[in-house]
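*Asks:*
Residue numbers (the working numbering), protein chains in the order written: chain A, 1381 to 1828; chain B, 1381 to 1828.
#1: Indicate the three-state DSSP secondary structure (helix, strand or coil) for residue 1803/B in the structure shown.
#2: Taking its Cβ as the centre, do 16 or more other Cβ atoms sit within 10 Å of residue 1650/B, making it buried, or is it exposed?
#3: Please go through the same chain and pick out, in chain order, the residues whose beta-carbon is closer than 6 Å to the beta-carbon of residue 1775/A, but skip the five residues on each side of it.
#4: With 7 Å set as the bound, which would you pick, yes or no: does the beta-carbon of residue 1660/A sit closer than that to a beta-carbon of chain B?
#5: Does the beta carbon of residue 1440/A sit closer than 7 Å to a beta carbon anywhere in chain B?
#6: Can you tell me whether residue 1479/B is helix, strand or coil according to DSSP?
#7: Against chain A, which members of the stretch 1802-1815 of chain B pass a CB distance test of less than 8 Å?
#8: Which stretch, first to last residue, makes up the alpha helix (DSSP H) that contains residue 1416/B?
#9: Let's see if you can read the secondary structure: which residues bound the beta strand (DSSP E) around residue 1523/B?
#10: Is the beta carbon of residue 1783/B sitting closer than 7 Å to the one on residue 1734/B?
#11: What span of residues does the beta strand (DSSP E) with residue 1562/B cover, start to end?
#12: Mind reading off the beta-carbon distance from residue 1454/B to residue 1428/B? Whole number of angstroms is fine, and I expect it under 8 Å.
#13: Would the beta-carbon of residue 1557/B fall within 7 Å of that of residue 1530/B?
#14: At the level of alpha carbons, what is the spacing between residue 1398/B and residue 1667/B?
#15: Name, please, each residue of chain A whose Cβ falls closer than 8 Å to the Cβ of residue 1603/B.
#16: Am I right that residue 1588/A and residue 1561/A are in contact with their C-beta atoms under 8 Å? What's the rounded C-beta distance?
#17: Could you give the distance in angstroms between the alpha-carbon of residue 1803/B and the alpha-carbon of residue 1400/B?
#18: Got a sec? Which residues, its chain only, sit under 8 Å from residue 1641/A by beta carbon, not counting five neighbours each side?
#19: Quick one: Cα of residue 1467/A to Cα of residue 1419/A, how far?
#20: Does residue 1704/B have its Cβ less than 7 Å from a Cβ in chain A?
#21: CB residue 1508/A to CB residue 1514/A, shorter than 7 Å?
#22: Which residue marks the beginning of the beta strand (DSSP E) containing residue 1471/B, and which one marks its end?
#23: Does the contact criterion of 3 or more C-beta pairs under 8 Å hold for the stretch 1694-1714 of chain A versus the stretch 1808-1826 of chain A?
#24: Is it the case that the Cβ atoms of residue 1605/A and residue 1474/B are separated by a distance below 7 Å?
#25: Shorter than 7 Å from the beta carbon of residue 1390/A to some beta carbon of chain B?
#26: For the beta strand (DSSP E) that residue 1609/B lies in, which residues bound it at each end?
#27: Which full runs of the beta strand (DSSP E) of 3+ residues lie inside the stretch 1482-1512 of chain A, going along the chain?
#28: Taking contact to mean at least 3 C-beta pairs separated by less than 8 Å, is the stretch 1669-1684 of chain A in contact with the stretch 1724-1742 of chain B?
#29: For the beta strand (DSSP E) containing residue 1549/B, list its first residue and its last residue.
#30: Among the candidates 1725/A, 1781/A and 1661/A, whose CA atom is the shortest distance from the CA of residue 1743/A?
#31: Name, please, each residue of chain A whose Cβ falls closer than 7 Å to the Cβ of residue 1607/B.
#32: State yes or no: is the beta carbon of residue 1542/B nearer than 7 Å to at least one beta carbon in chain A?
#33: Looking at the C-beta of residue 1708/B, does it have a partner C-beta in chain A at a distance below 7 Å?
#34: For residue 1704/B, name the three-state secondary structure that DSSP assigns.
#35: Any residues in the stretch 1722-1754 of chain A with a beta carbon nearer than 8 Å to a beta carbon of chain D? Which ones, in chain order?
#36: In terms of DSSP beta bridges, what is residue 1617/A paired with?
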């Protein structure tokens, strides 16, 4: 880390002093991803110069890892030959990602300098819907025929492997490109050279279709410990593969999306700083308005009990504790449900079992909180009736909150909505209504 | 999916009717992971019988994927020979995972039936602290010498590859086991058979030490698109590798942990149903007590303004909306910060930049909410002063909430705490205090 920081600061200086050989040797020692990060920190005017001194064999790798702003800057500075060289070295799925980020004029220039075959593949990939398996796959996989021997397979890998994104899983197809089976390079290495691929291949293949959700694909990696996953069309023909590094990106993306939804945000693809202020406001306002409406409801219930708190103003001061604790209890339960559902550890059919568990937890947690708070109120205000009201309200509120927290994510799932929306903010607001209602019902009955 | 359900229901029946050959053929068509899931659903008394008809070559793979309850049940039913066979087929890291889950008496039996060399390795691995890189690594990696040719390397892989968990990255070590470089099987396959490993290997190797946090290791997979990561001791000697499937598990585990912390839960390793009611209560109570205390503070501030809401009871009914909206705004900001920090998209040095952005977003969001709510209050209560109080309070509260939401996770990071604790529940409770204070200050000044 420290070494890298040193390099970054050094680079523009080396450039200024025209010590290109040194700069090049510093860069060639570094990992392409670290170079991309380092280039993100140099002044814009040095960027193209530095990129040009990169060893040719890693230039494209570095380019792929850079932020889209810098990619755009570079492309605008590239000669036609440079642009062609970079695109030729890129994997098709990376080219697609690049094109999706660039403005139309840059896209045109990129496509003009792409060879026709690749251009056709790019255009095919661009057609898949966002977040589908098709949109994250690559078309550069290793294909074999079942009639080949292990020796033939190695020969083919040696000849064509260089341009494939993953070579460790090979796909066996029939003449109609239907996927017959897969065979790993591990299997090939450990087998006799004369064995037939058809005899070695695993025919029970886990795959997804192009239109499957990318999350479904990523979950298969997690479940079956895959390193690559074949993607087929509706007629079972192999059209591409998803590699494990892209699956990890999808997993992180989906986690971020869930976390954002759980915080009453509309999810976004860009990072925090890439998102404009206006877009941030747009992502935040919808849920704020919805939740505001529901807390206005709470207010209306409170209005209804005006007499109660005019007679006994202390009731108002004790309200936030009841509402907050209820909200927190609901949040805890709903979060466990949401995460359990997301990881397939909890299923819809487990609802009764989960509810039973939550009720028992609520009883335990609620009793603890009630006793502590009842005693606290008694010591502070010397009013045993008030202590009873607070204690029993708290127990009820915790029970209701845990039930809601358990039920609502399940209900959302049942209704084919994302359970993640049933998280903290919605829970807090919904539990508020019940808390206020229970509180004033008990208070008016006991105290007035 | 449907096919699998069919199999599961069928299996005990086939067993009852002693149709073992059929049962075996159904099972041998299935993926070991699916078999493990299916076996989790059969009655306990059929479990051992079904396990015994599994084809030998997949029995250990299935065993590794089963829940610890079922593993324990099986081990108790195994003959010594069966136990030895399963353990012999297991990778050392899986054996360690198994031992960590089993009661002492079962552990003793397992270790008694493990060969001395493996037992030594297991004991070494058991010493690494929980959640360290050492605790998730495996010691079964492919090692090469720099003096070997590509041909020699293939020969070695062919001989010893069968028992290695990952063979696609090979590790080149000097006689003192110091890691000199790595070479991929891809590189080997695409190179001339007579080339020296020493000339082919990449010497700029990304690695972690055994005591590094497993999260640090998992992040390296994500950042550098790795499929395996070498783990070294403090003297740079290679002691193991982490494979990508384990890295994905760590990523999911760390995400779950963050999400649980964000919901005021103490994180737990077990799944929802594996955790007992008592343990659930223990995980939930600490934060509930802490947050309860802070909402009692809010109550004390409210008590201070008793005169205000006795004069104008309506003020109480409008309180939940202000508190909830403030809490939600704070939650949105803090969640974006927490996630950005976790993914290294936001750094501590970005604080001023982030705060500036949040303030601008808050101004925009706050203005929208204020206007809508001011108008709403005016229409509902025909009180222009009250509408002004609500509108201006809301704007202030949103500004304060966004500032807190931006600042607290950064502050936690600075203090080497986990930013995830600064999420929704804490934010809600903290913002409440400020909301109530701002509200009554403005209300008393304007209305009374």
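Glycine included, each C-beta is placed from N, C-alpha and C at the ideal position.
*Replies:* On the basis of the coordinates in this document:
#1: Here residue 1803/B refers to the residue found at position 423 when the second chain is read from its first residue. Note: residue 1803/B maps to coil in three-state DSSP.
#2: As a position in the second chain, residue 1650/B is number 270, starting the count at 1. Counting Cβ neighbours within 10 Å, residue 1650/B comes out exposed, since fewer than 16 surround it.
#3: Mapped onto the first chain, residue 1775/A falls at position 395. Within the same chain, residue 1775/A has close Cβ partners 1746 and 1750.
#4: Position 280 of the first chain, counting from 1, holds the residue named residue 1660/A. Closer than 7 Å to some Cβ of chain B, the Cβ of residue 1660/A qualifies, so yes.
#5: Position 60 of the first chain, counted from the first residue, corresponds to residue 1440/A. Proximity of residue 1440/A to chain B, defined by a Cβ-Cβ separation below 7 Å, is not satisfied.
#6: What you label residue 1479/B is simply residue 99 of the second chain in a count that begins at 1. Note: residue 1479/B maps to helix in three-state DSSP.
#7: 1803, 1804, 1805, 1808, 1809 and 1812
#8: Mapped onto the second chain, residue 1416/B falls at position 36. Start and end: 1412-1419.
#9: Your numbering for residue 1523/B matches position 143 in the second chain. For residue 1523/B, the enclosing beta strand (DSSP E) has its first and last residue at 1521-1524.
#10: Residue numbering aside, residue 1783/B sits at position 403 when the second chain is read from its first letter. Residue numbering aside, residue 1734/B sits at position 354 when the second chain is read from its first letter. Not a contact, by the Cβ cut-off of 7 Å.
#11: Translated into positions along the second chain, residue 1562/B becomes position 182. From DSSP, the beta strand (DSSP E) with residue 1562/B extends over 1559-1564.
#12: Translated into the one-based positions of the second chain, residue 1454/B becomes position 74. Translated into the one-based positions of the second chain, residue 1428/B becomes position 48. So it is a contact: roughly 6 Å between Cβ atoms.
#13: As a working mapping, residue 1557/B is identified with position 177 in the second chain. As a working mapping, residue 1530/B is identified with position 150 in the second chain. Contact flag unset, no.
#14: The residue given as residue 1398/B occupies position 18 in the second chain. The residue given as residue 1667/B occupies position 287 in the second chain. Approximately 55 Å, taken between the alpha carbons.
#15: Here residue 1603/B corresponds to residue number 223 of the second chain, with the count starting at 1. Within chain A, the residues near residue 1603/B are 1413.
#16: As a position in the first chain, residue 1588/A is number 208, starting the count at 1. As a position in the first chain, residue 1561/A is number 181, starting the count at 1. The Cβ separation is near 16 Å, so there is no contact.
#17: Start at 1 with the first residue of the second chain, and residue 1803/B comes out as number 423. Start at 1 with the first residue of the second chain, and residue 1400/B comes out as number 20. Using only the alpha carbons, I get a separation of about 55 Å.
#18: Counting from 1 along the first chain, the entry for residue 1641/A is found at position 261. Sequence-distant Cβ neighbours of residue 1641/A in its own chain, meaning closer than 8 Å and more than five residues away, are 1647, 1798, 1800, 1801 and 1803.
#19: For the purposes of this step, residue 1467/A is taken as residue 87 along the first chain, with counting starting at 1. For the purposes of this step, residue 1419/A is taken as residue 39 along the first chain, with counting starting at 1. Residue 1467/A and residue 1419/A have their C-alpha atoms roughly 19 Å apart.
#20: The residue labelled residue 1704/B in the question sits at position 324 within the second chain. Under the 7 Å criterion on CB atoms, residue 1704/B is classed as interfacial with respect to chain A.
#21: Along the first chain, read from residue 1 onward, the residue named residue 1508/A stands at position 128. Along the first chain, read from residue 1 onward, the residue named residue 1514/A stands at position 134. Result yes, Cβ atoms of residue 1508/A and residue 1514/A sit closer than 7 Å.
#22: Taking the first residue of the second chain as 1, we reach residue 1471/B at position 91. Element bounds for residue 1471/B: n/a, residue is neither H nor E.
#23: yes
#24: By 1-based counting over the first chain, the position of residue 1605/A is 225. By 1-based counting over the second chain, the position of residue 1474/B is 94. Against a cut-off of 7 Å, the Cβ pair of residue 1474/B and residue 1605/A comes out as no contact.
#25: Numbered from 1 along the first chain, position 10 holds the residue referred to as residue 1390/A. It does not: the Cβ of residue 1390/A has no partner Cβ on chain B nearer than 7 Å.
#26: Position 229 of the second chain holds residue 1609/B. First-last of the beta strand (DSSP E) with residue 1609/B: 1608-1612.
#27: none
#28: The answer is no - the stretch 1724-1742 of chain B does not touch the stretch 1669-1684 of chain A, with fewer than three Cβ pairs under 8 Å.
#29: Stepping through the second chain from its first residue, residue 1549/B is reached at position 169. Start and end: 1546-1553.
#30: Here residue 1743/A refers to the residue found at position 363 when the first chain is read from its first residue. Among 1725/A, 1781/A and 1661/A, the Cα nearest to that of residue 1743/A is on 1781/A.
#31: Along the second chain, one-based indexing puts residue 1607/B at 227. Within chain A, the residues near residue 1607/B are 1607 and 1624.
#32: In the second chain, counting from the first residue as 1, residue 1542/B sits at position 162. So, interface residue.
#33: As a working mapping, residue 1708/B is identified with position 328 in the second chain. Taking Cβ atoms only, chain A reaches closer than 7 Å to residue 1708/B, which makes this a yes.
#34: Residue numbering aside, residue 1704/B sits at position 324 when the second chain is read from its first letter. Residue 1704/B falls in the helix class under three-state DSSP.
#35: Note that chain D does not occur in the displayed structure, where the protein chains are A and B.
#36: Residue mapping note: residue 1617/A aligns to position 237 of the first chain, counting from 1. Partner(s): 1558/A.
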